[in-house]
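Enquirer: Note that the numbering used here has the sequence shown beginning at -17, numbered continuously upward. Once you've had a glance at the structure underneath, I'll fire off some questions.
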Amino acid sequence: MADSVMNTAEEQKLNLNINVDARSACERHITVTVSRDDIDRFMNKEFAELKPVAQIPGFRPGKAPMNIVKSRFRKDVAERVKSAILMESISQVNDSENLAPISDPMFDYVSLEIPQTGDFVFEYDIEVRPEFEVPEWKGMKLEKPVRDFSDADIDAASAAFRSRMGKLNETEDAAAAGDYIATKLFIRYNEEIINSSESEIIRLRPSLLFSDATIEKFDEQMDGVKAGETRTIGFTLSDSAPNVLLRGKEVEAVFEVQKVYKLDIPEVNEEFLTRFNFETEDAYRDFLRLNLESQMAYQQQQAAREKITSLLLESANWELPPVLLERQSERELYRMMLELQRSGFPLEKIQEHLNILRQNSIESTKKLLKEHFILERIAENENIDADEADYDEEIQEIAAKTQESARRIRARLEKQNRMDILRNQIIERKVIDLIMKNAQFEETTFEPYPEEMATIEFPAGGDGKAEEAATENQEEAKEN
């Protein structure tokens, strides 16, 4: 019966009174008044569908008088009509006011009730894409990173791949650059532990990336450490750290080293090729070359995105609300993860990229969102969209690069309600391809990403929830 209500809404537009309050470039507070005539039309249609099947004690099915049916089922019908009217009203508002929502409407659904008399008035907040002029993108001058990959490039890629697949052998020797340590890790601020991990396996590389900080010269500062020893290193949390109270603060990382490992890197032989399902060494090297080419293509797309964004920023005088940026941050990071997976980056490099973005999450999200807005506008102007074949191809590309089944990837995206993120990724790449077809290029040299960073997924400063709760409790105690 809910379908009958929706069909009615499609047949005849609602007579709405709409008031839009633009509170910022992206924020709208909207008040909608639905006329009594529309409410009655929805209600009457629903009751007309219900009466022939209504089961009420004392009457045969469908034989109860309409006034009794209305009395008995008014509450249920009003709830269904409320849902239908809200959906149709918001859709009409978006169309009539030319709004491009970037979030779901925010309102208290439970508190809203369809009145028995008079109009239905409701209010909601919504975040929308800002209004801006699309910059001229045809004939853009772009830098295009290119490289004819040599045997030496493939050898370097092979060394990196084999390093990731190597075996860790415990040693009593002191650790040196490139070795691994198993360590307990404590993060301290003013001698108080703010975060910890009982066990981390970390490679000694020039930089150690947390999601909210970086320790530079990490390999040098840990050089010579042995199992059973402790090293303490000071560093600064980023200005975008999840723990708001500790943003920009100096903290210490205490490494209680439990074990030291040397990396046993496998040779390229028959056993190695069989292990990774390569029929020949040439097939293995072709795989490495393909990954390098995918990473170069990613860099070419990124160069185009950055140029477009820089053009947009020349005329964009609007700001994105911090609350919006925080809410969209994880979505944008997830989209970036999918893009990096598709481009053949290994897990360690993906985590490295994401940690760098998280360390400056507000500015990173602002940039990514502005890129999305401009590419979305171009897509609309050029009638670019994604179809089912595009979804299949995108998922197959990710599956091929991650060695995971396409079925499992699709199931995870659907379960997490993230297919829309995949759609954005597909459309944005199509737009970039179109821009590049109409661009003028200046070729630059593509440099494969260096293996210089180790990563830890958790935020060094913690998520800040405990500290915020403690602060709130202290403030409440003062008030009381």
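Note that the Cβ used here is the ideal one computed from N, Cα and C, for glycine as well. Remember, predicted model here, so these are calculated numbers, not experimental data.
(1) Quick one: residues in its chain with C-beta nearer than 8 angstroms to the C-beta of residue 145, no 5 flanking neighbours on either side, listed in chain order?
(2) How would you write the range of the beta strand (DSSP E) that residue 435 sits in, first residue to last?
(3) Nearest to residue 354 by CA position, among 411, 398, 323, is which residue?
(4) In angstroms with no decimal places, state the Cα-to-Cα distance between residue 27 and residue 59.
(5) Just to confirm my understanding: we take residue 180, look at its own chain, exclude 5 residues before and 5 after, and list those with CB closer than 8 angstroms. What are they?
(6) For residue 16, is the classification buried or exposed, using 16 other Cβ atoms within 10 angstroms of its Cβ as the cut-off for buried?
(7) Quick one, which of 383, 14, 173, 233 has its alpha-carbon nearest residue 195's?
(8) In terms of DSSP beta bridges, what is residue 497 paired with?
(9) Can you check which of these residues, 364, 396, 352, is closest to residue 114 by C-alpha distance?
(10) Give the DSSP-derived three-state secondary structure of residue 430 in the structure shown.
(11) Since I believe residue 85 is in contact with residue -2 (beta carbons under 8 angstroms), could you give me their beta-carbon distance rounded to a whole number of angstroms?
(12) With DSSP as the reference, label residue 454 as helix, strand or coil.
(13) According to DSSP, what are the bridge partners of residue 108?
(14) Ends of the alpha helix (DSSP H) at residue 52?
(15) Between which two residues does the alpha helix (DSSP H) carrying residue 359 extend?
(16) Closer than 6 angstroms by C-beta to residue 424: which residues in its own chain qualify, once you throw out the five before and the five after it? Chain order, please.
(17) Go ahead and label residue 106 buried or exposed: buried means 16 or more other beta carbons lie within 10 angstroms of its beta carbon, across all protein chains shown.
(18) Per DSSP, what kind of secondary structure is residue 171 in: helix, strand or coil?
(19) Please state whether DSSP places residue 82 in a helix, a strand or coil.
(20) Can you check whether the CB of residue 404 is closer than 8 angstroms to the CB of residue 270?
(21) Express the C-alpha separation of residue 160 and residue 429 in angstroms, rounding to a whole number.
(22) My guess is that residue 177 and residue 443 are in contact by the Cβ rule of under 8 angstroms, so how many angstroms apart are they, rounded?
(23) Quick check on the DSSP output: what are the complete beta strand (DSSP E) runs of length 3 or more inside the region 156 to 237, in order along the chain?
(24) Locate the beta strand (DSSP E) running through residue 125, then write down its first and last residues.
(25) Taking C-alpha atoms, which residue in 131, 155, 204 lies nearest to residue 236?
(26) Give the secondary structure of residue 153 by DSSP, where H, G and I count as helix, E and B as strand, and everything else as coil.
(27) Determine, using beta carbons only, whether residue 208 and residue 156 come nearer to each other than 8 angstroms.
(28) Report yes or no: do the region 209 to 226 and the region 338 to 352 share at least 3 C-beta pairs separated by less than 8 angstroms?
(29) Considering only their Cβ atoms, is the gap separating residue 417 from residue 290 smaller than 8 angstroms?
(30) Are the Cβ atoms of residue 109 and residue 293 separated by less than 8 angstroms?
(31) At a cut-off of 7 angstroms, would you count residue 440 as near the ligand ATP, judging by its Cβ distance to the nearest heavy atom?
(32) What number of angstroms, rounded off, separates the C-alpha of residue 150 from the C-alpha of residue 282?
(33) Do you know offhand how far residue 95's Cα is from residue 61's?
(34) Leaving out five residues before and five after residue 135 in sequence, what residues of the same chain have Cβ atoms less than 7 angstroms from its Cβ?
(35) In the DSSP assignment, the alpha helix (DSSP H) including residue 26 goes from what residue to what residue?
(36) Here's a check: name, in chain order, each residue in its chain whose Cβ is nearer than 6 angstroms to the Cβ of residue 445, leaving out the five neighbours to either side.
Expert: Looking at the atomic coordinates:
(1) Same-chain partners within the cutoff: 245, 247, 433.
(2) 435 to 437
(3) Residue nearest to residue 354 within the set 411, 398, 323 is 411 (criterion: CA-CA distance).
(4) 10 angstroms
(5) 166
(6) buried
(7) 233
(8) This structure leaves residue 497 out entirely; the chain is present only between -17 and 462.
(9) 352
(10) The answer is coil: DSSP assigns residue 430 none of H, G, I, E or B.
(11) Contact flag wrong, Cβ pair sits at about 21 angstroms.
(12) Reliability of the predicted coordinates at residue 454 is poor, the pLDDT of 45 falling under 50, and the value obtained from them is presented with this limitation in mind. Helix, per DSSP.
(13) 10
(14) 48 to 78
(15) 343 to 363
(16) For residue 424, where only same-chain residues beyond five positions count, the Cβ hits under 6 angstroms are 125.
(17) Around the beta carbon of residue 106, a 10 Å sphere encloses 16 or more other beta carbons of the protein chains shown; the residue is thus reported as buried.
(18) strand
(19) DSSP, reduced to helix, strand and coil, places residue 82 outside both helices and strands of the structure shown, so it counts as coil.
(20) no
(21) 21 angstroms
(22) Yes, residue 177 and residue 443 are in contact; Cβ-Cβ is about 7 angstroms, under 8 angstroms.
(23) 162 to 171, 174 to 185, 189 to 191, 196 to 198, 212 to 218
(24) 123 to 128
(25) 204
(26) strand
(27) Contact flag set, yes.
(28) With the cut-off at 8 angstroms, the region 209 to 226 and the region 338 to 352 touch.
(29) In this structure, residue 417 lies closer than 8 angstroms to residue 290 by Cβ.
(30) no
(31) In the structure shown, the ligand ATP is absent, as is every other ligand, since no ligand is present at all.
(32) In this model, residue 150 and residue 282 are separated by some 36 angstroms (Cα to Cα).
(33) 8 angstroms
(34) 274, 430
(35) From DSSP, the alpha helix (DSSP H) with residue 26 extends over 18 to 32.
(36) Cβ within range, chain order: 224.
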